[in-house]
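Engineer:
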Amino acid sequence: MSAVATSIPGPIPGPILSLQNVWVEYGDKIVLEKVDLDIAAGSFVSIVGPSGAGKSSLLRIILGQERPTRGKIELDGAPLAPECGPDRGVVFQRYSVFPHLSALDNTVFGLECEQAPLSARLFGSAKRAAKAQATEMLAAVGLADSMHQFPAQLSGGMQQRLAIAQALIKRPRILLLDEPFGALDPGIRADMHKLILSLWRDYQLTIIMVTHDIREAFTLGTRVLALDKRRHDPHAPHRFGATAVYDIALRKDPEPEPEPEQTSQPPSEAPPQLQESA
Amino acid sequence: MSAVATSIPGPIPGPILSLQNVWVEYGDKIVLEKVDLDIAAGSFVSIVGPSGAGKSSLLRIILGQERPTRGKIELDGAPLAPECGPDRGVVFQRYSVFPHLSALDNTVFGLECEQAPLSARLFGSAKRAAKAQATEMLAAVGLADSMHQFPAQLSGGMQQRLAIAQALIKRPRILLLDEPFGALDPGIRADMHKLILSLWRDYQLTIIMVTHDIREAFTLGTRVLALDKRRHDPHAPHRFGATAVYDIALRKDPEPEPEPEQTSQPPSEAPPQLQESA
Amino acid sequence: SQGPDPKSEPRTEFTIGWSIYAGWMPWPYAQQSGIVKKWADKYGIEINLVQVNDYVESVNQYTAGKFDGVTVTNMDALTIPAAGGKDTTAIIIGDYSNGNDGILLKGANSLAAIKGRQAYLVELSVSHYLLARGLDKAGLKSPDVKTINTSDADIVAAFGAPDVSAAVAWNPQLSVMKAETGVNLVFSSADIPGEILDLMVVDTATLKANPNLAKALVGIWYETVALMQRQDAEGAAARAAMAKLSGATPEMFDSQLATTFLYADPQSAVAAATSPTLIETMTLVRDFSFSKGLFKGASSADDVGIGFPGGKTLGDPGRVTLRFDDSFMKLAADGKL
Amino acid sequence: MRWVNLHLNRSQRILLGALPIALLVLVYLVMAAQRHADNPMDKILPLPGAMVRAMSALMFQADQLTGQMVFWVDTLASLQRLGLGLGIATLTALIVGLVLGVLPPVRATFGPLVTGIAVIPPIALLPILFIALGLGETAKVALIVIGIAPVMVRDIAAHVAALPTEQIIKAQTLGASSWQIMIRVALPQAMPRLLQTVRLALGPAWVFLISAEAIAADVGLGYRIFLVRRYLAMDVIIPYVAWIALLAILMDVALTQTSKRAFPWAHGASH
Amino acid sequence: MRWVNLHLNRSQRILLGALPIALLVLVYLVMAAQRHADNPMDKILPLPGAMVRAMSALMFQADQLTGQMVFWVDTLASLQRLGLGLGIATLTALIVGLVLGVLPPVRATFGPLVTGIAVIPPIALLPILFIALGLGETAKVALIVIGIAPVMVRDIAAHVAALPTEQIIKAQTLGASSWQIMIRVALPQAMPRLLQTVRLALGPAWVFLISAEAIAADVGLGYRIFLVRRYLAMDVIIPYVAWIALLAILMDVALTQTSKRAFPWAHGASH
Ligand SMILES: Nc1ncnc2c1ncn2[C@@H]1O[C@H](COP(=O)(O)OP(=O)(O)OP(=O)(O)O)[C@@H](O)[C@H]1O
Ligand SMILES: Nc1ncnc2c1ncn2[C@@H]1O[C@H](COP(=O)(O)OP(=O)(O)OP(=O)(O)O)[C@@H](O)[C@H]1O
Ligand SMILES: [Mg+2]
Ligand SMILES: [Mg+2]
């Protein structure tokens, strides 16, 4: 699906994504427990939570990479197909780009797939146009000088930025980001923040971002979600899963949101991480 | 080399590590340019700098994984052998643990290598002792519940913590950390800070840590080093390498350091990242 | 493995190689039925018969010194061990092929029709020799036929291929190929009787040092052959067992025997060994072999000498490496074993 | 749904997998029937009835002289040789492959030699092989080993040499010596690949076994096939080959299962 | 310095690599000399002089009958067959391996069949091959293909199927269809492995070539070897085998170099 085709002016009403009673289990280990979540189109959801809480797992099931053990996920009111498509973009936690393609080719790839269904390669002017677009995106993430290098020749942060460029160029309706800026220095991170916000505004993207930086979560997000365990059995730590213990809506530019609403948890039970860092 | 054997009370005088006119080049790309650096035993050096500056490359040559293209590195006054040993521990940027070992076995590994040169496995009471030590370390990084899982079954942050536990249990004289806490939430990150500081004090480790969190760099370090390019040719960006543009010594607990000294760069030319985040 | 010539010392343990062929099946049968042990015990020695599935390899192994004796045709005895400098003595002339080797054509009835065809055969073997003799008799020359070397294990299947129309083979393959529709036997060893001989040969040095080995082997051979010649239940059972050992049905085996001229009694074998036709045959064989380059590096066919009973020789008398020895068959004929 | 995402369950997989094989059997039957319509004596594509008759004689009737059931004796003999050959080759591949893969100087010294041995067709040197090792079981097992071990050694060596540098470095910082890296880092990670390599070597191993038995043997599946080939007894050959295939597939499945059980970390879905 | 870290330079590697081969040649010479001391006519381990004589006749003297230089004609014929066989097998491995590796339903359907073909020793079913393909060049090339392609297909399929899930997922989020994943993600990453697989298949390919030429041929390196085996002419066999090994090693080196040139990303040291 073309990014341009989805850039309808104005936000789409109603939840674009809706999770109902979703559970994720690995063997007898419960990771996510009874997650209920409606995500409005055009929102920017930041997810925070302790390491191992299940943030990446949540993204994986929204992406369609894995199926929840129980529960329902709906996309635009229809059950989510258990496969991922160009409507959902992703930047994985462990930056994964195609090792056999140069930075430029990695970025052009999404455009080529869209425009050349058969050969998956562009030629002539189409190719030049795609390259120009990719070059621009690479410049935006600060990789203009390293366009022709293979991922193995890039530093960790550069690979991460390449993964971001690769995902952003498609302008997917829903963008899933798993600690996208974790490996970046503050300067470049600020540039990335600007970039993602401008794309989010210009293309009405819906973004779900996992981050460990609470300030980042609040600066960027229109809504901050804290994932953690509600209950904890010290003798069988794997018998209880995490769920959204905090859900804070923030007023933001693109559309006025309703008043911040909180889950039933009283503030005093907030996870220590949140308190410590906020 | 045993960790216990190196825990001499009091700091060792003189630089433990000395880099003289070190250059690192990949093909015709200059990454590090004329790096001169003396690192005192027992210091905690934080390295900051923009993505792609050459921080990981610097760690790699100190580790002995790669050789500098030019220049000399001395460890305790003797030229550094171009191979790494148990005197230098490392946590790589891209968390790498042994995929075929459970979390516990990953952590015990270092002890087994040391105590059983032939079989690299411990039995009986030695095994119990090693396991107890590893369990303690895993508990310290918050992995007590996941001891028997394979890395593929751990979340990103959990793998990162496993890598930390694995390196710390050996108490190496020089510990090289490449963004060790990047994938951790603030709560666990604070725990890790406490852990690393206590080990650093108790065992007189020399720590060199790359981080993107300027506050972390200043809180933990006795010295903060900023790597960046001094010169920049927009037409041939690869023709100039990075070097230490800032070198700030801080007064810290374990030993009083000399007054903060700065490199010749005037403060106004500090890299924007530093200014923005400090 | 070849130390300072252990062959010239007396020994008590011997290894004989054999491969599957109608005229050699008495050997494994003798082993199974205890005849080998009986004769070996009599001479206080031990004889191991070792089957080699691949005929050429059995002769190669003998040449290499791994066997003290081997079952072999007269031509291969000459071209492999003897031409290789290994002094070899034939102690038993067991039979001659009397139709066991033949030339087959598809869709033609005379050998002359082979002209211009590709003939599939084991090159440099008795098949090749048979083809040469056939062409000779039909007035053709060797360039008239193009030969394709074909492994004997695969020749039956190869002949089944549509593009193959001429082949030379021996039994049991020959009988299977002949049975296909539209296939004619246009020339066979029955047309050159006595020229393709099947022998038991042993290393000459070993023989000199251990005449008892030859005595035992000859004893085994004639007892077994006598048994299989019997037209009673016991004889039939022996032949059936041999058939089974060769992977054939009793009927097929009997038909193969029918085209094998067995020198069943030692008398006739001695007669064959001492007859001047043997020298004529060997002259033909050696000239053919030499013309095909099988006497490596030899400047003339005389370079490899052949010895016959009564001190007659063919070729260089100073370089005799293949000897026909009738003395042990004579002992059997005289009942002196 | 995209085909890349169409993961089937066990029974679907079995069903689909059986399809082309059943089709092949059908094609065979049709062709055999056709040939028999043309020539009722056709030997090349025997009908099932003939195969059953021929095989039941070999499977259930004891040989008069030896009192053995030929088919089972053949199977046992061949499996023994194959097992020995595979075992030795696997052990060689593991040890030599490991040493070559982990230690660059050893790789430099013996790599070319192993390559040389790997590319020399052993069947071209059969006379020397048999002369050196005799015509007994040793030579047959040796042919299998020489035939498959070099490829396996090279595969394991390449796999081990391609382990991420970080792991080797990491192990060294944890105090591991070359030896310890070999047995604790490289060896366990080579094991799943070893099983995979053995699986791939099964086919060639049978080829070499049969070649060896074709030349010097008096019992064995390959011996029997080459014995009856002189009579074009396809009614024996085809069931024998099918039996070989069945045995090999069982071994293949067993190896896959073993790998999954013993090395879960190598098969678990990573993310 | 630990042996794992002892990386040698080019000339050291060549020197060390030549050592064991030179040693082997020496051992051969000593043994041959010994055998000739015992028996000057020994054929099994010929001396270099005899080999040179035998080979120069084949290399530089035209055959009386055909007027050709036997050695070169043999080489050309064999290389042609080998090239065709390897080429077809490689292409098959790439296409089939890719499809099997990427598409689970196809893998489920044809995986068992490929396994079956891989483990059936083709030399046991020669009669069927002959009636299907005759005895000409086709059959020889087919034997090579049947002999090596299944193993290669399975290797490529396994390699492709083991690509990180993230990459396949990532490609799908970038809009790639199954087909596009196949040609843009799986295919290029299968290429270095394909070359490695071809390298490993070189040995078996020569084995099958020689087997094919042993069955029915009138020219070719394998033909000559099996022909002269009849009179144990090791003075021809050994140089021929050495020549085969040399050709194979040259191909091996060429494949390695090609891979390094064409796919630098697969060989660069990662960190
Ligand atoms: N093998 C290689 N070939 C070419 N260039 C390389 C190679 N390895 C690293 N580089 C280059 O060296 C530079 C420094 O890389 P390095 O990994 O040291 O950066 P870094 O400071 O650690 O960055 P980050 O914070 O993003 O991890 C980068 O520009 C990278 O492109
Ligand atoms: N394949 C698996 N088998 C068993 N447990 C698993 C598996 N994958 C993930 N887990 C468990 O699921 C839990 C959640 O993992 P997840 O990766 O979603 O955490 P996370 O919130 O992303 O953590 P982090 O911030 O460290 O990345 C972890 O406790 C992990 O051990
Ligand atoms: Mg995560
Ligand atoms: Mg880095």
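Line by line, the protein sequences are chains A, B, C, D and E.
Residue numbering for the first sequence is 2 to 279, as defined by the working numbering.
Residue numbering for the second sequence is 2 to 279, as defined by the working numbering.
Residue numbering for the third sequence is 32 to 368, as defined by the working numbering.
Residue numbering for the fourth sequence is -13 to 257, as defined by the working numbering.
Residue numbering for the fifth sequence is -13 to 257, as defined by the working numbering.
Heads up, the beta-carbon is just placed ideally off N, CA and C, and yes, glycines get one too.
(1) Give the DSSP bridge partners of residue 82 of chain C, in chain order.
(2) So, is the C-beta of residue 137 of chain B closer than 7 angstroms to a C-beta in chain E?
(3) May I ask you to report which of helix, strand or coil DSSP gives residue 224 of chain B?
(4) At 4 residues or longer, and completely inside the region 149 to 228 of chain C: list those alpha helix (DSSP H) runs for me, N to C.
(5) Give every residue of the same chain whose Cβ lies closer than 6 angstroms to the Cβ of residue 204 of chain C, excluding the five residues on either side of it in the sequence, and list them in chain order.
(6) Tell me the rounded alpha-carbon separation between residue 157 of chain E and residue 111 of chain A.
(7) My understanding is that residue 118 of chain A touches residue 163 of chain E, with C-beta atoms under 8 angstroms, so please give their C-beta distance in whole angstroms.
(8) Would you call the CB atoms of residue 46 of chain C and residue 98 of chain C closer than 7 angstroms?
(9) May I have the straight-line CA-CA distance separating residue 107 of chain A from residue 163 of chain A, to the nearest angstrom?
(10) Examine chain D for any beta-carbon lying closer than 7 angstroms to the beta-carbon of residue 238 of chain E, and answer yes or no.
(11) Would you identify the three-state DSSP class for residue 93 of chain D, choosing helix, strand or coil?
(12) Where residue 184 of chain C and residue 68 of chain D are concerned, what is the direct C-alpha to C-alpha distance, given to the nearest angstrom?
(13) Could you please give the first and the last residue of the uninterrupted alpha helix (DSSP H) stretch that includes residue 105 of chain C?
(14) Could you check what DSSP says for residue 256 of chain B in three-state terms: helix, strand or coil?
(15) So which of C:340, C:216, C:54 has the shortest CA-CA distance to residue 357 of chain C?
(16) Strictly closer than 6 angstroms from CB to any heavy atom of ligand 3: give me those residues in the order they appear in the chain.
(17) Please look up how many angstroms separate the CB atoms of residue 217 of chain E and residue 114 of chain C, rounded, as I've assumed it's under 8 angstroms.
(18) Quick one: measure Cβ to Cβ for residue 316 of chain C and residue 160 of chain C, integer angstroms, because I've assumed they're closer than 8 angstroms.
(19) Taking C-alpha atoms, which residue in A:228, A:234, A:232, A:236 lies nearest to residue 57 of chain A?
(20) Name the residue from C:61, C:154, C:146 whose alpha carbon lies nearest to the alpha carbon of residue 204 of chain E.
(21) What is the residue span of the beta strand (DSSP E) that residue 250 of chain B lies within?
(22) Scan the region 206 to 236 of chain C for residues whose Cβ lies nearer than 7 angstroms to a Cβ of chain D and list them as they occur along the chain.
(23) List the endpoints of the continuous beta strand (DSSP E) containing residue 209 of chain B.
(24) Run through chain D and tell me which residues come within less than 8 angstroms of residue 82 of chain A, C-beta to C-beta.
(25) Whole alpha helix (DSSP H) runs in the region 25 to 85 of chain B with 4 or more residues, listed along the chain?
(26) Taking only beta-carbon atoms, is residue -9 of chain D less than 7 angstroms away from chain A?
(27) On a Cα-Cα basis, can you pick out the residue from E:23, E:113, E:52, E:-1 that is closest to residue 222 of chain D?
(28) What did DSSP end up calling residue 16 of chain B once you bin it into helix, strand or coil?
(29) Using a Cβ-Cβ cut-off of less than 7 angstroms, give me the residues of the region 212 to 229 of chain D that come near chain C, in sequence order.
(30) Starting from the N-terminal side, write out each stretch of the alpha helix (DSSP H) that is 4 residues or longer and does not extend beyond the region 37 to 123 of chain E.
(31) What residue ranges within the region 113 to 172 of chain D form continuous alpha helix (DSSP H) runs of no fewer than 4 residues, ordered along the chain?
(32) Can you tell me whether residue 33 of chain C is helix, strand or coil according to DSSP?
(33) May I ask you to list the residues that DSSP assigns as paired with residue 344 of chain C?
(34) Would you say residue 154 of chain A touches ligand 1, meaning its beta carbon is less than 6 angstroms from a heavy atom?
(35) Could you run through the region 149 to 162 of chain E and flag, in chain order, every residue whose CB is less than 8 angstroms away from some CB of chain A?
(36) Would you say the beta carbon of residue 59 of chain D comes nearer than 6 angstroms to a heavy atom of ligand 2?
Structural biologist: Checking against the coordinates, here is how it stands:
(1) Beta-bridge analysis with DSSP links residue 82 of chain C to C:49.
(2) Residue contact with chain E for residue 137 of chain B: absent (no Cβ-Cβ distance below 7 angstroms to any residue of chain E).
(3) Residue 224 of chain B: strand per DSSP, three-state reduction.
(4) You should have 157 to 168, 186 to 191, 204 to 209.
(5) Closer than 6 angstroms at the Cβ level, and outside the excluded window around residue 204 of chain C, lie 186, 187.
(6) Approximately 8 angstroms, taken between the alpha carbons.
(7) Their Cβ separation, rounded to whole angstroms, is 7 angstroms, which keeps residue 118 of chain A and residue 163 of chain E in contact under 8 angstroms.
(8) Yes. Within cutoff.
(9) C-alpha separation (whole angstroms): 8 angstroms.
(10) Interface residue, yes.
(11) DSSP places residue 93 of chain D in helix when its eight states are reduced to three.
(12) When rounded, the distance between both Cα atoms is 22 angstroms.
(13) Note, residue 105 of chain C: alpha helix (DSSP H), 105 to 108.
(14) Only weak support is given to the placement of residue 256 of chain B: the predicted model assigns it a pLDDT of 46, under 50, and the value that follows is read from those uncertain coordinates. Residue state, collapsed to three classes: coil.
(15) Of the candidates C:340, C:216, C:54, the one whose C-alpha sits nearest the C-alpha of residue 357 of chain C is C:340.
(16) Qualifying residues, in the order they occur: A:56, A:57, A:94, A:179, B:156, B:157.
(17) 6 angstroms between Cβ atoms; contact.
(18) Confirmed, Cβ separation roughly 7 angstroms.
(19) Out of A:228, A:234, A:232, A:236, the CA that lies nearest to the CA of residue 57 of chain A is found in A:228.
(20) Of the listed residues, the one whose Cα sits closest to residue 204 of chain E is C:154.
(21) Run containing residue 250 of chain B: 243 to 250, per the beta strand (DSSP E) assignment.
(22) If the cut-off is 7 angstroms between Cβ atoms, the region 206 to 236 of chain C has 207, 212 near chain D.
(23) Element bounds for residue 209 of chain B: 207 to 211.
(24) What residue 82 of chain A touches in chain D: -13.
(25) As summarised for the region 25 to 85 of chain B, the continuous alpha helix (DSSP H) elements at least 4 residues long and confined to that stretch are 56 to 64, given in chain order.
(26) Interface flag for residue -9 of chain D against chain A is set, since a Cβ pair is found closer than 7 angstroms.
(27) Nearest of E:23, E:113, E:52, E:-1 to residue 222 of chain D, Cα basis: E:113.
(28) Strand, per DSSP.
(29) So the list reads 212, 213, 214, 215, 216, 217, 218, given in the order they occur along the chain.
(30) The DSSP assignment places 56 to 88, 90 to 105, 112 to 119 as complete runs of the alpha helix (DSSP H) inside the region 37 to 123 of chain E, in order along the chain (cut-off: 4 residues).
(31) Correct list: 123 to 147, 151 to 159.
(32) Because residue 33 of chain C sits at a pLDDT of 41, beneath the cut-off of 50, its placement in the model cannot be relied upon, and the following sentence gives the value as read from the coordinates. Shown here, residue 33 of chain C sits in coil according to DSSP, grouped into three states, outside any helix or strand.
(33) Here residue 344 of chain C is bridged, per DSSP, to C:338.
(34) For residue 154 of chain A, the distance from the CB to the nearest heavy atom of ligand 1 is below 6 angstroms.
(35) Residues passing the 8 angstroms Cβ filter: 150, 151, 152, 153, 155, 156, 157, 158, 159, 160, 161, 162.
(36) Residue 59 of chain D: no, Cβ never under 6 angstroms from ligand 2.
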